[in-house]
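Here is the structure we will look at, set down as structure tokens.
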Amino acid sequence: MAFSHLFVSTLVVIFTASARVQACSPDFQGRDITISNGYGGEWTLSGSASGSAISTQNPQNVDNSSGEFRVEQDGSWPAAYIIKPLNVPGDIVAVSTASGQAHLETLITNDSSQKYIIECYSCSANGANAEGCRIISKATNNCLSSLGPGENIGTFVCHPRSSGQFWRFIAAPI
């Protein structure tokens, strides 16, 4: 019985390690960020109040000239991130996955549904850009996933072949 438990535990560790291929964790140094997927669909808000959904807009509408979010490290190790929208009244709103979809919620610093691990395949040396990034909820270990233009961003089991789970971070010019 102990052998089968050890065998299953080993398989879980191997599967988890193969599901996460980390090249870098970005440090945006307080810069304003645009978040988009590989198809150019940029994150957009349905409103500025708690509960407002986050979706991807059509690729032709992407504007990288100014960031819409601030992605901040929370000071923990390994680094976890809090994603805050800009141009929303006050500094008390964060992106949350408490409902299984990305939405705005009042910031609670110890709420794991508002914290993310960000693993990228490529990060620029100056912290301005990162590509091929997974945004993984600390609460569920699921990836934020694009379901298509105009659709709300959901959380699903991370999968290495799911293109909707890979994001691009672009810092606004200084």
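Residues -23 to -1, 1 to 151 in mature numbering (1 follows the signal peptide of the UniProt record, and there is no 0) are what the sequence shown lists, from first letter to last.
We treat Cβ as the ideally placed atom computed from N, Cα and C, and that holds for glycine.
Quick caveat: nothing in here was measured; it's all calculated off a predicted structure.
Your pair G141 and S122 checks out as a contact, with CB atoms roughly 5 Å apart and the cut at 8 Å. Between L81 and V72 a beta carbon distance of about 7 Å is seen, short of the 8 Å cut, so the two are scored as contacting.
The Cβ atoms of Q78 and G131 lie closer than 8 Å to each other.
Of the residues C135, T86, S76, Y98, the one whose Cα lies closest to the Cα of V70 is T86.
Membership of S13 in the beta strand (DSSP E) is indicated by the continuous run 9 to 14.
Sequence-distant partners of I151 (beyond 5 residues in either direction) whose C-beta falls short of 6 Å from its own C-beta are missing from its chain. In this structure, DSSP gives Q34 a state outside helix and strand, which the three-state scheme calls coil.
For T132, the enclosing beta strand (DSSP E) begins and ends at 131 to 133. Judged by DSSP in its simplified three-state form, G24 adopts coil rather than helix or strand.
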